[in-house]
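S.K.: Just add 229 to wherever you are in the sequence shown, counting from 1, and you've got the numbering used here.
Starting off with a structure, shown below.
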Amino acid sequence: MRITGADVVVTSPGRNFVTLEITTDDGLTGYGDATLNGRELAVASYLSDHVSPLLIGRDAHRIEDTWQYLYRGAYWRRGPVTMAAIAAVDVALWDLKAQVAGLPLYQLLGGASRSGIRAYGHASGRDLPELLDSIRERQEQGFRSIRVQSGVPGLETIYGISAAPEPAGGPEHGRHPQPSEEIWDTQAYLRHLPTVFEEVRNEFGPELPLLHDVHHRLTPIQAAKLGKALEPYDLFWLEDCTPAENQDGLRLVRQHTTTPLAIGEVFNSAVDYQTLIREQLIDYVRSAVTHAGGITAMRKLFDLAAQYQIKSGIHGPTDISPVGMAAGLHLDLAIHNFGIQEFMPHSAETYEVFRHSYTFSDGYLHPGETPGLGVTLDRAAAARFEYRPAYLPVNRLRDGTIHDW
Ligand code: KDG
Ligand code: MG
């Protein structure tokens, strides 16, 4: 099976997506997601200018060899742009191989280790009543595990908290041609958040699995303090409590709290986790297939994590396309050390462009039984949605200093 085409499709059905479409001499088409939110065209160029020409004529079955060829062959290693491009090629080749086998991809990864994939959804509110309503709404939609994000008195906008109810699949915080600016106050947040979880537990009881995303905004000692303060509310996980490129900083957090920790959505290789995994400083690995080198690299990462009883928690916001989502679901179903899967349903426009066979019901996702990934791209529909630059926000402290967000 020789590769005859490797086209990059950029489309924007409500938000921007970059997709690699690989075609072969036996008439098959495989898809890979290469979407890097806010920096989409860099990956599109990396693929079409530097990778697609190298793929033509290659044996599509040689997935590991192609991965190594693109990773080692480039000389320049890792980084979000490179790893998203390699991921797109890798996922498209797995899609093709599974189609040739006539099997859903998870069967090639060892078969199902479970009957469904436990998913968590997002609830948020500017104040408590809005938040409680949002949690109820998610429950009505079938979510059985819920990420809770709350406004903080005195702070006008916070990334991840809708200013108004957003349609399904909307960006977490608007769509801006320039990065919007938000003001952040760590002390106000640290004072307020435990009171929110107390109220949520009072309202929903002890059994509902609750998660929270700190979005890298704390120092290790602040993160330790927050983890400790949240212990009575028994979180499923506390995510990105501190910017974890300082892997050593997690030792401090870990010494002080038993709140489970999830990290890694901005990482793009197993190397980024070396200390975190070896020293068991985290409980969940958050990388997305789309950003961390594809199925080939993620399997190795999860196998490493499994040795330390660390589980998966694959990143699944709407800036991962349905192609990237499906790739994660096949892995989720197959690996032994599955933890939970993030799931934000895409918009109807997005699903018009990406036809998918995965399903969600009563808290569980399933990738479906269609051979391959089970997602196809409708190029005519994609062409209707032109790319529009859109940026994530930036965060500043009250004195104007740029802060992590
Ligand atoms: O592109 C950035 C988003 O994917 C990210 O901010 C979402 O933190 C996020 C999450 O946990 O889904
Ligand atoms: Mg996150």
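Backbone N, C-alpha and C fix where the C-beta goes; we use that ideal spot for every residue, glycine too.
Quick caveat, the model's predicted, so the values are computed rather than measured.
Comparing C-alpha positions only, which one of A452, R367 and I549 sits nearest to F433?
M.R.: Position 204 of the sequence shown holds residue 433. Considering only alpha carbons, the answer is R367.
S.K.: For the ligand KDG, is there any heavy atom lying closer than 7 Å to the beta carbon of P489?
M.R.: Here residue 489 is taken as the residue at index 260 of the sequence shown, counted from 1. Answer for P489: no, Cβ out of range of the ligand KDG.
S.K.: For the alpha helix (DSSP H) containing W305, list its first residue and its last residue.
M.R.: Here residue 305 refers to the residue found at position 76 of the sequence shown. Here W305 belongs to no alpha helix (DSSP H), and DSSP marks it neither H nor E.
S.K.: If we call anything under 8 Å between Cβ atoms a contact, is P438 one with S344?
M.R.: Translated into the one-based positions of the sequence shown, residue 438 becomes position 209. Translated into the one-based positions of the sequence shown, residue 344 becomes position 115. No, the pair does not count as a contact, with Cβ atoms beyond the cut-off.
S.K.: How would you label A327, buried or exposed, when you count the other beta carbons within 10 angstroms and need 16 or more for buried?
M.R.: Translated into the one-based positions of the sequence shown, residue 327 becomes position 98. That one is buried.
S.K.: Do you know offhand how far A417's Cα is from A517's?
M.R.: To locate residue 417, count along the sequence shown from 1; it is residue 188. To locate residue 517, count along the sequence shown from 1; it is residue 288. A417 and A517: Cα-Cα distance of roughly 31 Å.
S.K.: With DSSP run on the structure shown, which of helix, strand or coil describes F433?
M.R.: Here the question's residue 433 lines up with position 204 in the sequence shown. Of the three classes helix, strand and coil, the one that applies to F433 here is helix, per DSSP.
S.K.: With DSSP as the reference, label L439 as helix, strand or coil.
M.R.: One-based indexing of the sequence shown puts residue 439 at position 210. Reduced to three states, the DSSP call for L439 is strand.
S.K.: Give me the Cα-Cα distance between P394 and S363, rounded to the nearest whole angstrom.
M.R.: Within the sequence shown, the letter at position 165 stands for residue 394. Within the sequence shown, the letter at position 134 stands for residue 363. In this predicted model, P394 has a pLDDT of only 49, less than 50, meaning its place in the structure is not dependable enough to derive any value.
S.K.: Give me, in chain order, the residues of the same chain whose beta-carbon lies closer than 7 Å to that of Q451; leave out the 5 immediate sequence neighbours on both sides.
M.R.: Counting from one through the sequence shown, the residue named residue 451 turns up at place 222. Excluding positions up to five away in sequence, the list reads T415 and L419.
S.K.: So T519 and E293 are in contact, right, with Cβ under 8 Å, and what is the actual spacing, rounded?
M.R.: The count along the sequence shown starts at 1 and reaches residue 519 at position 290. The count along the sequence shown starts at 1 and reaches residue 293 at position 64. Not a contact, Cβ separation roughly 19 Å.
S.K.: Identify the continuous beta strand (DSSP E) that holds E571 and give its terminal residues.
M.R.: As a working mapping, residue 571 is identified with position 342 in the sequence shown. Looking at the DSSP string, the run of the beta strand (DSSP E) that includes E571 is I569 to E571.
S.K.: From the DSSP output, read off the bridge partner residues of G261.
M.R.: Mapped onto the sequence shown, residue 261 falls at position 32. Looking at the DSSP assignment, G261 forms a beta bridge with L249.
S.K.: For the ligand KDG, any of its heavy atoms closer than 7 Å to the Cβ of N266?
M.R.: Looking up residue 266 in the sequence shown gives position 37. Checking the Cβ of N266 against the ligand KDG gives yes.
S.K.: Per DSSP, which one or two residues make a beta bridge with W413?
M.R.: On the sequence shown, residue 413 is found 184 positions in, with the first residue counted as 1. Looking at the DSSP assignment, W413 forms a beta bridge with L626.
S.K.: When you compare only the Cα positions, how much space is there between W413 and G331?
M.R.: The sequence position of residue 413 within the sequence shown is 184, counting from 1. The sequence position of residue 331 within the sequence shown is 102, counting from 1. Going from the Cα of W413 to the Cα of G331 covers about 51 Å.
S.K.: Could you check which residue in R307, P574, D477 and Y580 has the C-alpha nearest to that of G523?
M.R.: To locate residue 523, count along the sequence shown from 1; it is residue 294. For G523, the nearest C-alpha among the options comes from R307.
S.K.: Buried or exposed for G261, going by 16 or more other Cβ atoms inside 10 Å?
M.R.: Here residue 261 is taken as the residue at index 32 of the sequence shown, counted from 1. By the neighbour-count rule (16 or more Cβ atoms within 10 Å), G261 is buried.
S.K.: Leaving out five residues before and five after V280 in sequence, what residues of the same chain have Cβ atoms less than 6 Å from its Cβ?
M.R.: Translated into positions along the sequence shown, residue 280 becomes position 51. For V280, where only same-chain residues beyond five positions count, the Cβ hits under 6 Å are A314.
S.K.: Pull up the DSSP beta-bridge partners for A333, would you.
M.R.: One-based indexing of the sequence shown puts residue 333 at position 104. Ala is not the amino acid found at residue 333; the sequence shown has Pro there. In DSSP, P333 forms a bridge with G601.
S.K.: Would you mind sorting H565 into buried or exposed? The rule is 16 or more other CB atoms within 10 Å of its CB.
M.R.: Here residue 565 corresponds to residue number 336 of the sequence shown, with the count starting at 1. Per the 10 Å Cβ criterion, exposed.
S.K.: Is it buried or exposed, R287, if we count other Cβ atoms within 10 angstroms and call 16 or more buried?
M.R.: For the purposes of this step, residue 287 is identified with residue 58 of the sequence shown, where counting begins at 1. R287 should be labelled buried.
S.K.: Any heavy atom of the ligand KDG within a distance shorter than 7 Å of the CB on D548?
M.R.: The sequence position of residue 548 within the sequence shown is 319, counting from 1. Yes - the ligand KDG has a heavy atom lying nearer than 7 Å to the Cβ of D548.
S.K.: So, for G340: in the same chain, excluding its five sequence neighbours on each side, which residues have a beta-carbon less than 7 Å away from its beta-carbon?
M.R.: What you label residue 340 is simply residue 111 of the sequence shown in a count that begins at 1. Cβ within range, chain order: A563.
S.K.: Using 7 Å as the cut-off, classify the Cβ of G468 as near or not near the heavy atoms of the ligand MG, replying yes or no.
M.R.: Stepping through the sequence shown from its first residue, residue 468 is reached at position 239. Checking the sequence, you will find Glu at residue 468 rather than Gly. For the ligand MG, at least one heavy atom lies less than 7 Å from the Cβ of E468.
S.K.: With three or more C-beta pairs closer than 8 Å as the rule, is the stretch 461-476 touching the stretch 484-503?
M.R.: Touching, yes, given that three or more Cβ pairs across the two stretches are closer than 8 Å.
S.K.: Does DSSP put Y587 in a helix, in a strand, or in coil?
M.R.: Translated into the one-based positions of the sequence shown, residue 587 becomes position 358. Three-state result, Y587: coil.
S.K.: Out of I549, H585, P309 and N266, point me to the one whose CA is closest to H205's CA.
M.R.: As displayed, the chain neither begins before 230 nor continues past 634, which places residue 205 out of reach and without an answer.
S.K.: Under 8 Å, do P600 and L558 count as touching if we go by C-beta distance?
M.R.: The residue you call residue 600 lines up with position 371 of the sequence shown. The residue you call residue 558 lines up with position 329 of the sequence shown. Not closer than 8 Å, so no.
S.K.: For the alpha helix (DSSP H) containing E359, name the first residue and the last one.
M.R.: In the sequence shown, the residue the question calls residue 359 occupies position 130. Where E359 is concerned, the enclosing alpha helix (DSSP H) stretches over L357 to E369.
S.K.: Work out the CA separation of D532 and S498 for me, nearest whole Å.
M.R.: Within the sequence shown, residue 498 is the residue found at index 269, counting from 1. Within the sequence shown, residue 532 is the residue found at index 303, counting from 1. Cα to Cα, the separation comes out at about 13 Å.
S.K.: Which residues in the same chain have their Cβ closer than 7 Å to the Cβ of A317, if we skip the five residues on either side of it in sequence?
M.R.: As a position in the sequence shown, residue 317 is number 88, starting the count at 1. Once the five neighbours on either side are set aside, the close Cβ partners of A317 are L249, G261, D262, A263 and L276.
S.K.: Just how far apart, CA to CA, sit F583 and V552?
M.R.: Walking along the sequence shown from the start, residue 583 turns up at place 354. Walking along the sequence shown from the start, residue 552 turns up at place 323. Computed Cα separation, rounded: 8 Å.
S.K.: Between P435 and D463, what straight-line distance do the alpha-carbon atoms span, to the nearest angstrom?
M.R.: Along the sequence shown, read from residue 1 onward, the residue named residue 435 stands at position 206. Along the sequence shown, read from residue 1 onward, the residue named residue 463 stands at position 234. Answer to the nearest angstrom: the Cα atoms are 8 Å apart.
S.K.: Would L606 be called buried (16 or more neighbouring beta carbons within 10 Å of its own) or exposed?
M.R.: Indexing the sequence shown from 1 puts residue 606 at position 377. It is buried - the Cβ of L606 has at least 16 other Cβ atoms within 10 Å.
S.K.: Using a threshold of 7 Å, is the CB atom of T447 nearer than that to any non-hydrogen atom of the ligand KDG?
M.R.: As a working mapping, residue 447 is identified with position 218 in the sequence shown. Before going on, a small fix: residue 447 reads as Leu here, not Thr. Not so, every heavy atom of the ligand KDG lies at least 7 Å from the Cβ.
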